[in-house]
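Chains as they are written, first to last, in our numbering: chain P, 20 to 336; chain L, 20 to 336.
Heads up: the structure comes next, in structure tokens.
Protein chains: 2
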Amino acid sequence: MEAGTEKTSPELPLAERLLSGDKRALARGITLVENSDPAGWALVREIYPRTGKARMIGFTGPPGVGKSTLLGALTKHARSCDREVGVLSIDPSSPFTQGALLGDRIRLSDHFLDEGVYIRSMASRGALGGMAEAALQAALLMDASGKQDILLETVGVGQAEIDIIDHADTVVLVLMPGSGDSVQALKAGIMEIPDVIVVNKARHPLTDSMVREIKGVLALGPHMDWTVPVLRTEATVGTGIDEHYAHIEQAGTLEDRRRRNLMNEVLGLAAVRLRRELERSLAGDQDVQELLERVVKRELDPASAAELLLERRRGDR
Amino acid sequence: MEAGTEKTSPELPLAERLLSGDKRALARGITLVENSDPAGWALVREIYPRTGKARMIGFTGPPGVGKSTLLGALTKHARSCDREVGVLSIDPSSPFTQGALLGDRIRLSDHFLDEGVYIRSMASRGALGGMAEAALQAALLMDASGKQDILLETVGVGQAEIDIIDHADTVVLVLMPGSGDSVQALKAGIMEIPDVIVVNKARHPLTDSMVREIKGVLALGPHMDWTVPVLRTEATVGTGIDEHYAHIEQAGTLEDRRRRNLMNEVLGLAAVRLRRELERSLAGDQDVQELLERVVKRELDPASAAELLLERRRGDR
């Protein structure tokens, strides 16, 4: 399948091959990052000075609204302008139905053999955290390998997915007629206002009223110097993104966004590592099990138990 | 407003007054917990042996589906059976529209003067975490003060809200015709299957097809020894909850659920404290700012910066 993707000799270091645009090196690098392999972190460290050039565009919205079809259209458009594209799908598969988005991903298969397009999905790994962090590392690898538009696709339900969107320069919310819950969440201020909104399946008879409803919700919000476009055809989405990008570049907010996102990434990574350290230090610890048993028996309250755990951990050093 | 609620002398210790069912003491206790006041943690520690008697019932679902009307009906039902009720609403107000659920809460006002009912809302405090933990502490205070049914209301969007539901014995998902996004999320396995589903606004012409769609989604899932009822009238929800409760008590899974929930609470509290410690140790630290500046300039990658932060923190001890 990947014959002909090997532009450089496999004897060269991974970072060098990745920087030269070798697809196989990029795939290998993302796998390392996904597995939390120390070699993955080392790779990102090495290529990091060569990142920051790509546009990071985040796509969110409920499942089934046609995000992947839209990504396919945007990929086609970018390729016609000779821009290289990376697509990163965060797949929140559960034990209930595994690989829910697989069908969606297949719609991107037109581009599987295109050297200028790299498509990858990562499975979200439960509530433990660390997914958002791994996804950004993967996006950095795509950036370093020469991808100019990086499309981050998530399903906007869990916090982990929302965190990934926090790493985007431009956030696109994808809806369709029937996405009443999302419109209610926007209206109630529970979902953050994105930069661009698309109502997919535009031929549906209820599209007009949905677009009107969304515009009404946006009109209630605070006045900003960017007017969120509510689009209804795939062809206009690329333009909407370009305009938002031009706006944030000109207003100087692109740099602010990136600074904030990078700081959140550093803090997020540190917090995830702390939590992993904690869980590792507790696993299989007989004393900890006894502590938890006392909580279950209502002898010791949860907060005191947490405090005792942290004290023990400090003492162990 | 609260005249006549003072059953015991205010000179008695707070814990004693709370345990005797004094509404004002309960209000004071929850405020302490909400403000992370050490006196709040001490109070929970003191009353914790007297908890574990109440039924914890969690309600989730998108905004605008009529959760609070349903809670009102369930409260009325419980009162007619002489059961005391605590209602805890997690209000995810944002800077965009503050107090989004206030209108809903007003529907519960029938019960404001009822001694056997205590209604409280807590605002969610951003992505920092700790909300789920504070909410459970508040629920424990309600339990100790003699509330027998504790109704935890959240909006099922962010992870923090979902974590709160993790503390419930029985989880009720509230939907309405138009909740297409939630049904898609259930179908895709992104939203966990609840114990009871209610489709509110049952007179809507699309209710029948929505109930059928949900039953179809549930039929695709794994076979479990509990069949999730899909209900459509407020009157049947109380029965659905009672039946689920009887089922988990009989099957012995109530105890398992509580054990798992308490363990998650302990780990969650420990993780939140670790993160707070980290953020406190970094705030206003000149060296940290310089570290972050190097990340922004692409001189130092985020993971290495996180590692340096953690090393510094260890060194500071």
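For glycine and all other residues, C-beta sits at the position ideal for the given N, C-alpha and C.
On a predicted model such as this, the values are computed, not experimentally measured, just so you know.
* Could you name each continuous alpha helix (DSSP H) segment of 4 residues or more that falls completely within the segment 272-313 of chain P, going from the start of the chain to the end? => Counting whole runs of 4 or more residues, the segment 272-313 of chain P contains the alpha helix (DSSP H) stretches 272-301.
* **Simplified DSSP assignment, three categories, for Pro321(L)** => DSSP places Pro321(L) in helix when its eight states are reduced to three.
* Asked: Does DSSP classify Val193(P) as helix, strand or coil?
  -> In the three-state reduction of the DSSP assignment, Val193(P) falls in the strand class.
* **Beta-carbon proximity list for Leu45(L), same chain, < 7 Å, skipping 5 on both sides** => Spatial neighbours of Leu45(L) in its own chain (CB-CB distance under 7 Å, excluding positions within 5 residues in sequence) are listed in chain order as Leu37, Tyr137, Leu160, Met161 and Ser164.
* Candidates Glu312(P), Lys72(P), Gly80(P) and Val190(P): which alpha carbon is nearest Asp275(L)'s? -> Closest by alpha carbon: Glu312(P).
* **Contact under 9 Å by Cβ, Leu171(L) with Val218(L)** => Not closer than 9 Å, so no.
* **Exposure of Met243(P), with buried meaning 16 or more beta-carbon neighbours within 10 Å** => Exposed, since its Cβ has fewer than 16 Cβ neighbours within 10 Å.
* **With 16 other Cβ atoms within 10 Å as the buried cut-off, status of Arg279(P)** => It is exposed - the Cβ of Arg279(P) has fewer than 16 other Cβ atoms within 10 Å.
* Give a yes or no on whether 9 Å exceeds the smallest Cβ distance from Arg184(L) to chain P. => Sequence inspection shows Ile at residue 184(L); the Arg mentioned does not correspond to that position. So no, Ile184(L) is outside the interface.
* Asked: Mind pulling the chain B residues with CB within less than 7 Å of Val63(P)?
  -> The structure shown contains no chain B; its protein chains are P and L.
* Check whether the Cβ atoms of Ile212(L) and Leu237(L) lie closer than 9 Å to each other. => Result yes, Cβ atoms of Ile212(L) and Leu237(L) sit closer than 9 Å.
* Under a CB-based cut-off of 9 Å, is Ile209(P) close to chain L? -> Under the Cβ distance rule, Ile209(P) counts among the residues neighbouring chain L, one pair being separated by less than 9 Å.
* Contact set between Pro81(P) and chain L, taken where Cβ atoms lie within less than 7 Å -> The answer, in chain order, is Asp200, Gln203 and Ala204.
* To do: Assign Leu147(L) to buried or exposed, taking buried as 16 or more other Cβ atoms, counted over all protein chains shown, within 10 Å of its Cβ.
  => Confidence is the limiting factor: at Leu147(L) the pLDDT is only 45, short of 50, which leaves the residue's position unreliable, though a coordinate-based value still follows. Flag for Leu147(L) reads exposed.
* Asked: Using the C-alpha atoms, what's the distance from Leu93(P) back to Glu253(P)?
  -> For Glu253(P) and Leu93(P), the distance between alpha carbons rounds to 8 Å.
* **Of the residues Gly197(L), Met210(L) and Val202(L), the one placed nearest Leu225(L), counting alpha carbons only** => The option with the nearest alpha carbon to Leu225(L) is Gly197(L).
* To do: Examine chain L for any beta-carbon lying closer than 9 Å to the beta-carbon of Thr272(P), and answer yes or no.
  => At a cut-off of 9 Å between beta carbons, Thr272(P) makes no contact with chain L.
* List, in order along the chain, the chain L residues whose C-beta lies closer than 7 Å to that of Trp60(P)? -> Taking a Cβ-Cβ threshold of 7 Å, the residues of chain L close to Trp60(P) are Ala322, in chain order.
* Distance between beta carbons of Leu297(L) and Leu329(P), contact taken as under 8 Å -> With a beta-carbon spacing of about 12 Å, Leu329(P) and Leu297(L) fall beyond the 8 Å limit used to define contacts.
* Asked: By a C-beta neighbour count over all protein chains shown, 10 Å radius and 16 as the cutoff for buried, is Ser99(P) buried or exposed?
  -> Looking at its Cβ environment, which holds fewer than 16 other Cβ atoms inside 10 Å, Ser99(P) is exposed.
* Asked: Got a sec? Which residues, its chain only, sit under 8 Å from Glu30(P) by beta carbon, not counting five neighbours each side?
  -> Same-chain partners within the cutoff: there are none.
* Under the rule that 16 or more other beta-carbon atoms within 10 Å means buried, what is Glu134(P), buried or exposed? -> Burial is judged here by how many other beta carbons sit within 10 angstroms of a residue's own beta carbon; Glu134(P) has fewer than 16 and is exposed.
* Residues that Thr246(P) contacts on chain L, provided the C-beta gap is smaller than 8 Å -> Within chain L, no residue comes near Thr246(P); the closest Cβ sits about 16 Å away, beyond 8 Å.
* To do: Taking only beta carbons into account, state which residues of the segment 66-79 of chain L come closer than 7 Å to chain P, listed in chain order.
  => Per Cβ criterion, the list reads Tyr67, Pro68, Thr70 and Gly71.
* Asked: If the cut is a Cβ gap below 7 Å, which residues of chain L does Met282(P) touch?
  -> The answer, in chain order, is Leu311.
* **Reduced DSSP secondary structure (H/G/I, E/B, other) of Gly40(P)** => Coil at Gly40(P), not helix or strand.
* Which residue from Glu53(P), Arg222(P), Val52(P) and Gly257(P) puts its Cα closest to that of Ile76(P)? -> Of the candidates Glu53(P), Arg222(P), Val52(P) and Gly257(P), the residue whose Cα lies closest to the Cα of Ile76(P) is Gly257(P).
* Asked: Whose Cβ in chain P lies nearer than 8 Å to the Cβ of Gly197(L)?
  -> Neighbours of Gly197(L) on chain P, chain order: Gly197, Gly199 and Asp200.
* **Where Ala289(L) meets chain P, residues with beta-carbon distance less than 7 Å** => Around Ala289(L), the beta-carbon contacts reaching into chain P at under 7 Å are Leu297, Ala325, Leu328 and Leu329.
* **Bounding residues of the alpha helix (DSSP H) (the contiguous stretch that carries Ala142(L))** => No alpha helix (DSSP H) holds Ala142(L); the beta strand (DSSP E) holding it covers Val136 to Ala142.
* For Met243(L), name the three-state secondary structure that DSSP assigns. => Coil at Met243(L), not helix or strand.
* Spell out whether any CB of chain P is found under 9 Å from the CB atom of Phe115(L). => The predicted position of Phe115(L) is uncertain, since its pLDDT is 44 and thus under 50; a value taken from the coordinates is nonetheless stated next. Interface criterion met: the Cβ of Phe115(L) is under 9 Å from a Cβ in chain P.
* Return the residue from the list Val215(P), Asp261(P) and Gly235(P) that minimises the CA-CA distance to Val247(P). => Per the Cα distances, Val215(P).
* Minimum C-alpha distance to Leu301(L) - residue among Arg102(P), Val285(P), Asp306(P) and Val315(P) -> Check the Cα spacing between Leu301(L) and each of Arg102(P), Val285(P), Asp306(P) and Val315(P): the tightest is with Val285(P).
* For chain P, is any of its Cβ atoms less than 9 Å away from the one on Val106(L)? -> Not one chain P Cβ lies under 9 Å of Val106(L).
* Does the segment 61-76 of chain L come close enough to the segment 317-324 of chain P that 3 or more CB-CB pairs lie under 8 Å? -> Pairwise C-beta distances place the segment 317-324 of chain P in contact with the segment 61-76 of chain L, as three or more of them are shorter than 8 Å.
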